[in-house]
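All remarks here apply to the structure that follows.
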């Protein structure tokens, strides 16, 4: 029989939990699982009537995945509170952490897909802004991104907030401050000539 050591794993995944340590939650969840108890090899699984040690790898993987979920050990109120915090971050245009994205993936797959789209579009704008050669070009890239959001897009509010946040962060960066106002190549060209 193999032993699963969960020391520190939940602490890494759930920093700052006040009530129980990650190890305590993981061990409690393992104790409730069909493969987490010491005598589980002799106990019968209610589904297959086979010994729990004979569980298929999908079942074991699914149970381990549940234990590693950011929602592991959270009460329904804590889950609702955490989801509200994530929604507030999305609404304000802030970047979600990897743990917040994992939480959405496990608890609300539809919202996860929407958040992943917002995060991808946010990163795309960040990349385009980093390649700008002037402040004027950066402003044009930002304006283009805003105008590309469809009026009937259900995520319009979140996308605009994300774009605003990205542009604000970029304008506050040293990279933006060091850019010339206009592209030097455009300034050298005579008026009326391409």
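Residue numbers (my numbering): 88 to 281. Glycine included, each C-beta is placed from N, C-alpha and C at the ideal position. Quick caveat: nothing in here was measured; it's all calculated off a predicted structure.
### Cα-Cα separation, residue 296 to residue 238
In the structure as shown, the chain starts at 88 and stops at 281, and residue 296 therefore has no counterpart that could be examined.
### residue 240, DSSP secondary structure in three states
The sequence position of residue 240 within the chain shown is 153, counting from 1. Coil.
### Message
Among 245, 242, 180 and 251, whose alpha-carbon lies nearest the alpha-carbon of residue 231?
### Response
The sequence position of residue 231 within the chain shown is 144, counting from 1. It is 251.
### Query
According to DSSP, is residue 181 helix, strand or coil?
One-based indexing of the chain shown puts residue 181 at position 94. Coil.
### Message
At the level of alpha carbons, what is the spacing between residue 161 and residue 167?
### Response
Residue mapping note: residue 161 aligns to position 74 of the chain shown, counting from 1. Residue mapping note: residue 167 aligns to position 80 of the chain shown, counting from 1. One C-alpha to the other measures close to 10 Å.
### Contact belief for residue 210 with residue 269 at Cβ below 8 Å, rounded distance in angstroms
The residue you call residue 210 lines up with position 123 of the chain shown. The residue you call residue 269 lines up with position 182 of the chain shown. Not confirmed; about 27 Å, so no contact.
### For residue 206 and residue 183, believed in contact at Cβ under 8 Å, the rounded distance
If you number the chain shown from 1, residue 183 lands on position 96. If you number the chain shown from 1, residue 206 lands on position 119. Sure, about 6 Å apart at Cβ, within 8 Å.
#### Entry: Cβ-based burial, residue 187 [other Cβ within 10 Å; buried from 16]
As a first step, residue 187 must be located in the chain shown, where it is residue number 100. Its Cβ being crowded by 16 or more others within 10 Å, residue 187 is buried.
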